Amino acid sequence: FNSRVIRKLYVTGTRATWNKYDWQLCKSDVPDPMEWNSDECGGADDSPSVAPTDSPTPESQKDCEFFFTELSDYGETPYIEIKSTCPGITISRDLSVTSWKEYGVTCDVNLKGVRVPDDGFIIICANKIKHELDFGGQFEIVDGVLRDLAICDIENFNLLAYNGLNSYAILDKNIDCVPTDCLSRDCYTGCSDKYVDIYGYRDSSLASSPYKYDDCRVVRITEYPYGLSWFEPEAWEVVCIPAYDASSHPKDVSDPRKWEDIPLVLFFSEFCNPSDAEAKRYIELYSPNKRNYKIKKNLIVMKWEGESLTPSYKFQSITGQTINKNGFLVLCINWYAWDEDVCTLQTGYNGFVSELFWRGSMSFILRLSFLMIIFFLLYIIIFRQAVTEITTLHWPNVKTPLQIAITLMSTAYLA
Numbered sequence: 001f002n003s004r005v006i007r008k009l010y011v012t013g014t015r016a017t018w019n020k021y022d023w024q025l026c027k028s029d030v031p032d033p034m035e036w037n038s039d040e041c042g043g044a045d046d047s048p049s050v051a052p053t054d055s056p057t058p059e060s061q062k063d064c065e066f067f068f069t070e071l072s073d074y075g076e077t078p079y080i081e082i083k084s085t086c087p088g089i090t091i092s093r094d095l096s097v098t099s100w101k102e103y104g105v106t107c108d109v110n111l112k113g114v115r116v117p118d119d120g121f122i123i124i125c126a127n128k129i130k131h132e133l134d135f136g137g138q139f140e141i142v143d144g145v146l147r148d149l150a151i152c153d154i155e156n157f158n159l160l161a162y163n164g165l166n167s168y169a170i171l172d173k174n175i176d177c178v179p180t181d182c183l184s185r186d187c188y189t190g191c192s193d194k195y196v197d198i199y200g201y202r203d204s205s206l207a208s209s210p211y212k213y214d215d216c217r218v219v220r221i222t223e224y225p226y227g228l229s230w231f232e233p234e235a236w237e238v239v240c241i242p243a244y245d246a247s248s249h250p251k252d253v254s255d256p257r258k259w260e261d262i263p264l265v266l267f268f269s270e271f272c273n274p275s276d277a278e279a280k281r282y283i284e285l286y287s288p289n290k291r292n293y294k295i296k297k298n299l300i301v302m303k304w305e306g307e308s309l310t311p312s313y314k315f316q317s318i319t320g321q322t323i324n325k326n327g328f329l330v331l332c333i334n335w336y337a338w339d340e341d342v343c344t345l346q347t348g349y350n351g352f353v354s355e356l357f358w359r360g361s362m363s364f365i366l367r368l369s370f371l372m373i374i375f376f377l378l379y380i381i382i383f384r385q386a387v388t389e390i391t392t393l394h395w396p397n398v399k400t401p402l403q404i405a406i407t408l409m410s411t412a413y414l415a
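Numbering-wise (the working numbering), the sequence shown opens with residue 1 and increments by one.
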């Protein structure tokens with residue numbers, strides 16, 4: 001209010017999350033529209049200092065966001081990636097990362113006193129040496145600064161044990177404490193732990209849930225650049241890529257210290273058209289890198305009819321459909337012919353799937369039958385001419401078809 005903020009000149013890239021250090025606040029300054037050649041204030045008496053004058057306090061950091069962006073369980077280098085909107089600060093709030101495992105086991109890592117790196121990411125890994133060996137040599141230039149993606153900030157094996165089955169939360173402990181006059185050990189009342197962000201369920205593991213990510217990784221969608229105190233599955237994507245297929249999808253492998261959207265990979269894997277059970281016709285699509293994923297883009301399944309070079313005006317939208325926990329999306333005619341867990345989208349007996357197979361198969365059969373007739377006629381003409389020439393040259397006394405057949409069989413037998 002009654003001020004202006006200027007984007008720092010070195011911040012030339014777009015940002016999915018707000019970072020207050022990307023901007024300079026200038027109070028009572030002279031505006032300069034249509035110009036961006038300086039990120040310094042005009043030197044007014046009321047303008048703030050660029051460098052902080054005091055040590056960070058919990059109160060000064062209350063607006064700093066901390067949230068998970070990736071939980072990776074690929075290979076032998078599991079890690080947790082946390083994004084902060086206040087890079088460069090030393091955390092003075094009583095923050096901690098908690099994991100809930102099977103059988104009620106809980107582990108904590110304290111973040112108080114940890115310095116947030118300049119890129120805003122905090123990486124917690126199970127083993128620093130393995131992490132650096134696995135991601136060594138990976139660098140990225142951001143805003144003209146070279147960043148090493150192999151750096152692990154905190155090492156804690158116990159927190160990440162059974163990683164793909166754990167629930168995790170960032171807690172701000174001892175919030176709303178009120179001091180009391182007392183001589184006992186606990187001189188505070190009303191203390192509580194605030195959930196800053198969470199993936200999974202409080203006091204429970206993910207072992208029996210569809211959101212586990214063992215041998216996979218879970219990535220936060222960039223549309224949620226803030227912490228959520230409750231678990232929101234819509235904010236996450238479970239990404240699973242087999243090791244042998246990782247080279248085909250380089251953006252789907254683990255990428256510490258980076259936060260990007262994962263592109264959807266989806267293709268046809270089966271067309272089924274049983275002749276004795278029309279209700280069981282279906283089209284199967286498979287995604288190698290999405291699990292429990294709701295399709296948000298405007299995707300449609302199209303078809304071509306006959307020999308037309310242009311697609312049919314009839315299509316089937318799959319926007320809003322969910323790829324299941326195994327990566328499949330199935331279009332079927334009738335749910336009851338299979339199961340609701342097997343068939344993702346029912347199109348009906350007069351719908352896209354039924355009509356697709358009927359017209360496609362008839363077209364194929366008609367073309368195949370026509371070609372067979374032409375081939376048979378040519379075969380008769382050529383064979384008859386060849387037989388006539390052979391018999392005229394070699395067996396001039398043979399005249400009837402039966403005699404020709406017997407003569408040919410005898411010749412073949414003797415040969």
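Note that beta-carbon positions come from the ideal geometry of N, C-alpha and C, so glycine has one too.
Computed from a predicted model, the values in this text were never measured in an experiment.
The stretch 314 to 329 makes contact with the stretch 340 to 350: 3 or more CB pairs, one atom from each, lie closer than 8 Å. Between residue 14 and residue 334, the alpha-carbon positions lie close to 46 Å from each other. With respect to residue 119, residue 97 sits apart: the two C-beta atoms are not nearer than 8 Å. Per the Cβ contact rule, the stretch 147 to 167 is in contact with the stretch 122 to 138 (3 or more Cβ pairs under 8 Å). If you draw a straight line from the Cα of residue 227 to the Cα of residue 270, it is about 40 Å long. Separation of the CB atoms of residue 211 and residue 233 is rounded to 6 Å, and the pair is thereby assigned contact status at 8 Å. Contact between the stretch 85 to 103 and the stretch 126 to 140 is not established, with fewer than three Cβ pairs separated by less than 8 Å.
DSSP places residue 71 in no alpha helix (DSSP H) but in the uninterrupted beta strand (DSSP E) bounded by 66 to 72. A check of alpha carbon separations from residue 63 across 40, 25, 300 and 84 identifies 84 as the nearest. When only Cα atoms are considered, residue 298 and residue 267 end up about 15 Å apart. Straight through space, the alpha carbons of residue 300 and residue 236 are spaced by roughly 23 Å. In this structure, DSSP gives residue 221 a state outside helix and strand, which the three-state scheme calls coil. One alpha carbon belongs to residue 157, the other to residue 285, and they sit about 39 Å apart.
Separation of the CB atoms of residue 71 and residue 218 is rounded to 5 Å, and the pair is thereby assigned contact status at 8 Å.
Per DSSP, the beta bridge partners of residue 199 are 168. By the neighbour-count criterion, in which 16 or more other beta carbons inside 10 Å mark a residue as buried, residue 309 falls on the exposed side. Taking the C-beta atoms as reference points, residue 215 is found no nearer than 8 Å to residue 196. Straight-line measurement puts the Cα of residue 331 at about 9 Å from the Cα of residue 352.
Nearest to residue 113 by C-alpha distance, out of 58, 164, 104 and 147, is 58. Judged by DSSP secondary structure, residue 329 falls within the beta strand (DSSP E) whose first and last residues are 328 to 332. Between the stretch 161 to 169 and the stretch 200 to 207 there are three or more inter-stretch CB-CB distances shorter than 8 Å, so the stretches are counted as touching. Assignment of residue 294 by DSSP, reduced to helix, strand and coil, places it in the strand class. For residue 271, the enclosing beta strand (DSSP E) stretches over residues 267 to 272. Contact annotation, residue 61 with residue 89: C-beta distance approximately 6 Å; criterion of less than 8 Å satisfied. Judged by DSSP in its simplified three-state form, residue 236 adopts strand.
Apart from the 5 residues on each side of it in sequence, residue 24 sits with its Cβ closer than 6 Å to the Cβ of 6 and 39 in its chain, given in chain order.
A check of alpha carbon separations from residue 320 across 302, 311, 294 and 342 identifies 294 as the nearest. For the stretch 8 to 45, not one full-length alpha helix (DSSP H) segment reaches 4 residues or more. Along the stretch 55 to 143, the beta strand (DSSP E) occurs as fully enclosed runs of 3 or more residues at 66 to 72, 79 to 84, 95 to 100, 106 to 110, 121 to 125 and 139 to 142, listed in sequence order. Non-local beta-carbon contacts of residue 279 in its own chain, meaning distances under 7 Å to residues more than five positions away in sequence, involve 333, 334 and 337 in chain order. By a beta-carbon distance limit of 8 Å, residue 116 contacts residue 87. Their separation comes to about 5 Å. No Cβ-Cβ contact shorter than 8 Å links residue 304 with residue 16. In the DSSP assignment, residue 316 is bridged to 301. Looking at the DSSP output, residue 278 bridges to nothing. Spatial neighbours of residue 198 in its own chain (CB-CB distance under 6 Å, excluding positions within 5 residues in sequence) are listed in chain order as 169 and 231.
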